[in-house]
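**Student:**
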Amino acid sequence: MALEEVVKESHAAINSADMQMDISIPQIYLLRSARGYVAPEFWDKGETALTLTYNTNYYRSVNHGQAYDSFYGRALAGFNLGGWMFRHDGSLSWQRQKNNEYHHYDAINTYVQRDIPQIKSRLLLGEGNTSGEIFDTLSFRGAQISTVDQMWPDSQRGYAPEIRGVARTNAQVTVSQNGNKIYETTVSPGPFNITDLYPTGYGGDLDVTVKEADGGETRFSVPYAAMTRLKRPGMTFYSLTGGVSRKDNMVYTPSVYQGTIQHGFSNSLTGYSGILGSDNYTSVLLGGAFGLPVGAISLDITGAQTKYGDEKKQGVSYRATYSKKVSQTNTNFTLAAYRFSSSGYYSFDNALQINNYYKKNHKNSSSNYLSRPKQRFSMTASQNFGESYGNIYLTGFVQNYWDSAGTNTQFQLGYNNTIGRVSYTLSANRLLYSTGGHDTQLSLDFSVPIGSDSQSYVTGSATHNKQGVNAQTAVNGVLGEHDQYNYNVGIARDTDNEKSGSVSGQYRSPYSMLTASYTKGGKLLFCLGWYQRCGSRFT
Numbered sequence: 001m002a003l004e005e006v007v008k009e010s011h012a013a014i015n016s017a018d019m020q021m022d023i024s025i026p027q028i029y030l031l032r033s034a035r036g037y038v039a040p041e042f043w044d045k046g047e048t049a050l051t052l053t054y055n056t057n058y059y060r061s062v063n064h065g066q067a068y069d070s071f072y073g074r075a076l077a078g079f080n081l082g083g084w085m086f087r088h089d090g091s092l093s094w095q096r097q098k099n100n101e102y103h104h105y106d107a108i109n110t111y112v113q114r115d116i117p118q119i120k121s122r123l124l125l126g127e128g129n130t131s132g133e134i135f136d137t138l139s140f141r142g143a144q145i146s147t148v149d150q151m152w153p154d155s156q157r158g159y160a161p162e163i164r165g166v167a168r169t170n171a172q173v174t175v176s177q178n179g180n181k182i183y184e185t186t187v188s189p190g191p192f193n194i195t196d197l198y199p200t201g202y203g204g205d206l207d208v209t210v211k212e213a214d215g216g217e218t219r220f221s222v223p224y225a226a227m228t229r230l231k232r233p234g235m236t237f238y239s240l241t242g243g244v245s246r247k248d249n250m251v252y253t254p255s256v257y258q259g260t261i262q263h264g265f266s267n268s269l270t271g272y273s274g275i276l277g278s279d280n281y282t283s284v285l286l287g288g289a290f291g292l293p294v295g296a297i298s299l300d301i302t303g304a305q306t307k308y309g310d311e312k313k314q315g316v317s318y319r320a321t322y323s324k325k326v327s328q329t330n331t332n333f334t335l336a337a338y339r340f341s342s343s344g345y346y347s348f349d350n351a352l353q354i355n356n357y358y359k360k361n362h363k364n365s366s367s368n369y370l371s372r373p374k375q376r377f378s379m380t381a382s383q384n385f386g387e388s389y390g391n392i393y394l395t396g397f398v399q400n401y402w403d404s405a406g407t408n409t410q411f412q413l414g415y416n417n418t419i420g421r422v423s424y425t426l427s428a429n430r431l432l433y434s435t436g437g438h439d440t441q442l443s444l445d446f447s448v449p450i451g452s453d454s455q456s457y458v459t460g461s462a463t464h465n466k467q468g469v470n471a472q473t474a475v476n477g478v479l480g481e482h483d484q485y486n487y488n489v490g491i492a493r494d495t496d497n498e499k500s501g502s503v504s505g506q507y508r509s510p511y512s513m514l515t516a517s518y519t520k521g522g523k524l525l526f527c528l529g530w531y532q533r534c535g536s537r538f539t
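So in full-length UniProt numbering, the last one in the sequence shown is 539, and the numbering has no gaps at all.
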């Protein structure tokens with residue numbers, strides 16, 4: 001049987017004089033490993049060991065003779081054994097002022113987990129959180145198994161499109177973005193497929209050049225707009241969670257289950273779906289993300305049914321997002337619009353709140369105290385004008401609610417640039433409240449290095465709002481052979497026209513950080529802080 005009959009567009013030739021056989025097989029049919037690939041059998045499960053990572057912070061202030069003390073410590077303790085990783089994450093808070101003293105220990109998460117390399121997944125038993133990529137993040141106590149992105153080679157993490165083409169001869173394939181070469185390889189005659197491009201931020205169309213051995217060239221572009229819901233072609237990500245809901249200050253902690261799946265069908269289409277349910281709540285989501293020449297777009301619909309007391313509500317939520325980087329003008333544009341189409345739609349968090357209220361009050365509950373969004377429109381855009389002309393950005397959102405009148409609106413416009421050695425930012429922030437009130441804030445921030453080593457700076461800021469003007473300026477920098485000392489000397493004026501001066505210093509060792517500050521003005525304040533962070537392993 002001829003090679004061409006087994007592998008399309010391949011061929012073999014025998015050179016009798018040199019006793020040599022030349023075989024050419026198109027790149028797309030070759031078994032290849034992505035850049036950075038390491039076979040699972042060579043992965044290290046880790047050593048049997050105790051681990052401890054912690055940070056602590058002590059703070060003391062004295063104001064007009066009155067002392068205030070506080071301490072905060074957080075620790076992540078663990079034990080590794082045979083691929084199982086036991087972890088406990090907790091924090092301790094303590095405060096004292098006059099004769100009042102308060103302390104509280106918060107057990108944040110306790111769990112055991114194990115990696116399953118064969119299916120690129122991780123099993124977790126105990127307390128944890130869902131990713132929040134499809135549904136909103138929820139805390140649970142139970143079990144979870146989910147795909148782990150870090151188990152893919154680093155060149156296949158995140159989203160980047162595949163590049164397909166055809167070479168007439170042994171050819172050099174070059175991929176560029178915004179004029180920068182990001183990939184180059186050599187392929188055999190026939191079809192080829194590049195699947196291990198590193199993701200590049202917002203994206204920007206990819207320019208592909210195929211340079212043939214005979215000098216001919218072929219050029220084409222591949223659309224590339226980044227979005228979290230886009231997945232590489234052929235890749236599947238899933239998550240299965242079951243247990244009980246875990247939320248602070250809730251007497252209602254129902255059983256909960258959640259399943260999500262995302263699959264990349266092609267460069268231009270990723271499908272995703274999910275189901276989320278509990279004792280009195282069920283929601284189903286179906287959506288798709290599209291990588292198009294005009295940008296990345298995702299559309300999804302969620303249907304939900306909520307029960308509380310004698311009430312049963314049903315509703316639908318529609319969501320659309322858009323993202324695009326315009327390489328020609330260096331513009332990043334992200335647009336998101338959320339619209340809840342019916343008053344019967346409740347998020348899972350809304351359902352928890354209203355059922356918790358019902359359980360505590362032992363009677364039918366009104367949902368009027370909930371802030372359930374009806375429509376939300378949000379936007380982020382930025383424009384870079386080049387090295388000498390700075391960058392302008394705009395962010396904002398408009399939102400209204402089913403259970404209350406009025407609309408909340410907020411937007412911010414800013415500009416930053418560097419002139420000589422002076423870096424500065426101008427910004428304007430405007431808030432319009434649903435109650436009819438509003439607030440406008442104008443700000444200026446600047447920074448100027450002192451000396452040639454840029455170890456010290458003069459910084460300043462001024463803010464104007466309806467309360468008046470706040471202004472401050474300071475000299476700060478670092479000292480020491482290892483930059484272990486920081487200092488700051490500043491003066492300020494608040495909206496009441498009260499002036500103050502402050503001096504602060506900081507020392508950093510490999511294991512801890514000590515901070516002291518002194519402020520003199522309308523108020524006399526002395527503060528002392530101590531922060532320590534450490535990671536240890538005991539085998």
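For every residue, glycine included, the Cβ atom is placed at its ideal position computed from N, Cα and C. Quantities reported herein were computed from a predicted structural model and do not represent experimental measurements.
Mind checking A19: buried by the 16 CB within 10 Å criterion, or exposed?
**Tutor:** Along the sequence shown, read from residue 1 onward, the residue named residue 19 stands at position 19. First, the residue type needs correcting, since residue 19 is Met and not Ala in the sequence shown. Its Cβ having fewer than 16 others within 10 Å, M19 is exposed.
**Student:** Is the stretch 145-156 close to the stretch 235-252, with three or more CB pairs under 8 Å?
**Tutor:** They touch, by the three-pair rule.
**Student:** Taking L431 and Q410 to be in contact with their CB atoms under 8 Å, please state how far apart those CB atoms are, rounded to whole angstroms.
**Tutor:** Position 431 of the sequence shown, counting from 1, holds the residue named residue 431. Position 410 of the sequence shown, counting from 1, holds the residue named residue 410. Yes, L431 and Q410 are in contact; Cβ-Cβ is about 5 Å, under 8 Å.
**Student:** To which residues of the same chain is Q172 closer than 6 Å at the C-beta, ignoring the five residues directly before and after it?
**Tutor:** In the sequence shown, residue 172 corresponds to position 172, counting from 1. Only T186, K211 meet the Cβ criterion.
**Student:** Go through its chain and collect everything with a Cβ distance to residue 548's Cβ below 6 Å, but skip five positions before and after it.
**Tutor:** No statement about residue 548 is possible, as the shown extent of the chain runs from 1 to 539 and does not include it.
**Student:** For the pair the stretch 188-195 and the stretch 288-302, tell me if three or more CB-CB distances fall below 8 Å.
**Tutor:** With the cut-off at 8 Å, the stretch 188-195 and the stretch 288-302 do not touch.
**Student:** Please report how far the alpha carbon of residue 543 lies from the alpha carbon of G264, in whole angstroms.
**Tutor:** The displayed coordinates of the chain run from 1 to 539. Any statement about residue 543 would go beyond what the structure contains.
**Student:** Following a CB-centred definition, is L394 positioned closer than 6 Å to any heavy atom of the ligand MG?
**Tutor:** This structure lacks the ligand MG; in fact it carries no ligand of any kind.
**Student:** Of all the options I491, D483, S10, which has the alpha carbon lying nearest to the alpha carbon of A462?
**Tutor:** What you label residue 462 is simply residue 462 of the sequence shown in a count that begins at 1. Residue I491 is the option with its Cα nearest to A462.
**Student:** Specify, as a first and last residue, the run of the beta strand (DSSP E) that F42 falls within.
**Tutor:** Within the sequence shown, residue 42 is the residue found at index 42, counting from 1. Taken as a continuous stretch (DSSP letters only), F42 belongs to no beta strand (DSSP E), as it is neither H nor E.
**Student:** Out of N267, T270, D248, which one is the CA nearest neighbour of Q353?
**Tutor:** Against the sequence shown, residue 353 aligns to sequence position 353. With distances taken between Cα atoms, Q353 lies closest to D248.
**Student:** Verify whether the separation of the beta carbon atoms of S155 and A34 is less than 7 Å.
**Tutor:** For the purposes of this step, residue 155 is taken as residue 155 along the sequence shown, with counting starting at 1. For the purposes of this step, residue 34 is taken as residue 34 along the sequence shown, with counting starting at 1. Cβ atoms of S155 and A34: closer than 7 Å.
**Student:** What residue range does the alpha helix (DSSP H) around I354 cover?
**Tutor:** As a first step, residue 354 is located in the sequence shown; it is residue number 354 there, counting from the start. Note, I354: alpha helix (DSSP H), 348-361.
**Student:** From Q113 to F140, what does the alpha carbon distance come to, in whole angstroms?
**Tutor:** Mapped onto the sequence shown, residue 113 falls at position 113. Mapped onto the sequence shown, residue 140 falls at position 140. Distance between the alpha carbons of Q113 and F140 is about 15 Å.
**Student:** Are D207 and S176 close, meaning C-beta to C-beta below 7 Å?
**Tutor:** Here residue 207 corresponds to residue number 207 of the sequence shown, with the count starting at 1. Here residue 176 corresponds to residue number 176 of the sequence shown, with the count starting at 1. Contact flag set, yes.
**Student:** Using three-state DSSP, classify S341 as helix, strand or coil.
**Tutor:** Your numbering for residue 341 matches position 341 in the sequence shown. Looking at S341 - three-state DSSP - the assignment turns out to be coil, as it is neither helix nor strand.
**Student:** Once you ignore the five residues that flank G82 on each side, which residues in its own chain have a CB closer than 8 Å to its CB?
**Tutor:** Residue numbering aside, residue 82 sits at position 82 when the sequence shown is read from its first letter. Only K45, T48 meet the Cβ criterion.
**Student:** Mind checking whether A459 and S447 have CB atoms under 7 Å apart?
**Tutor:** Indexing the sequence shown from 1 puts residue 459 at position 459. Indexing the sequence shown from 1 puts residue 447 at position 447. The sequence given here has Thr at residue 459, not Ala. For T459 and S447, yes; Cβs fall inside 7 Å.
**Student:** Name the residue from S347, Y424, M379 whose alpha carbon lies nearest to the alpha carbon of Y322.
**Tutor:** Indexing the sequence shown from 1 puts residue 322 at position 322. Ranking S347, Y424, M379 by Cα distance to Y322 puts M379 first.
**Student:** Can you give the beta carbon distance from D106 to G90, rounded, assuming they're within the 8 Å contact cut?
**Tutor:** What you label residue 106 is simply residue 106 of the sequence shown in a count that begins at 1. What you label residue 90 is simply residue 90 of the sequence shown in a count that begins at 1. Rounded, the Cβ-Cβ distance is 6 Å, consistent with contact.
**Student:** Determine the DSSP secondary structure at Y389, reduced to helix, strand or coil.
**Tutor:** Translated into positions along the sequence shown, residue 389 becomes position 389. Y389 falls in the coil class under three-state DSSP.
**Student:** Who are the Cβ neighbours of A225 in its own chain at under 7 Å, not counting the five residues just before and after it?
**Tutor:** Residue numbering aside, residue 225 sits at position 225 when the sequence shown is read from its first letter. Excluding positions up to five away in sequence, the list reads G203, G291, G295, A296, S323, K324, K325.
**Student:** For H88, report the span of its beta strand (DSSP E) as first-last.
**Tutor:** As a first step, residue 88 is located in the sequence shown; it is residue number 88 there, counting from the start. Unbroken beta strand (DSSP E) run through H88: 84-97.
**Student:** Give me the Cα-Cα distance between N355 and Y252, rounded to the nearest whole angstrom.
**Tutor:** On the sequence shown, position 355 is the one that residue 355 refers to. On the sequence shown, position 252 is the one that residue 252 refers to. Roughly 7 Å between the two C-alpha positions.
**Student:** Are the Cβ atoms of S24 and S188 separated by less than 7 Å?
**Tutor:** If you number the sequence shown from 1, residue 24 lands on position 24. If you number the sequence shown from 1, residue 188 lands on position 188. Yes, the pair counts as a contact, with Cβ atoms nearer than the cut-off.
**Student:** Can you tell me the Cα-Cα spacing of T519 and S502, whole angstroms?
**Tutor:** Taking the first residue of the sequence shown as 1, we reach residue 519 at position 519. Taking the first residue of the sequence shown as 1, we reach residue 502 at position 502. Between T519 and S502, the C-alpha separation is close to 4 Å.
**Student:** Below 6 Å CB to CB, which residues in the same chain sit around A337 once its five sequence neighbours on both sides are set aside?
**Tutor:** Counting from 1 along the sequence shown, the entry for residue 337 is found at position 337. Once the five neighbours on either side are set aside, the close Cβ partners of A337 are A320, F377.
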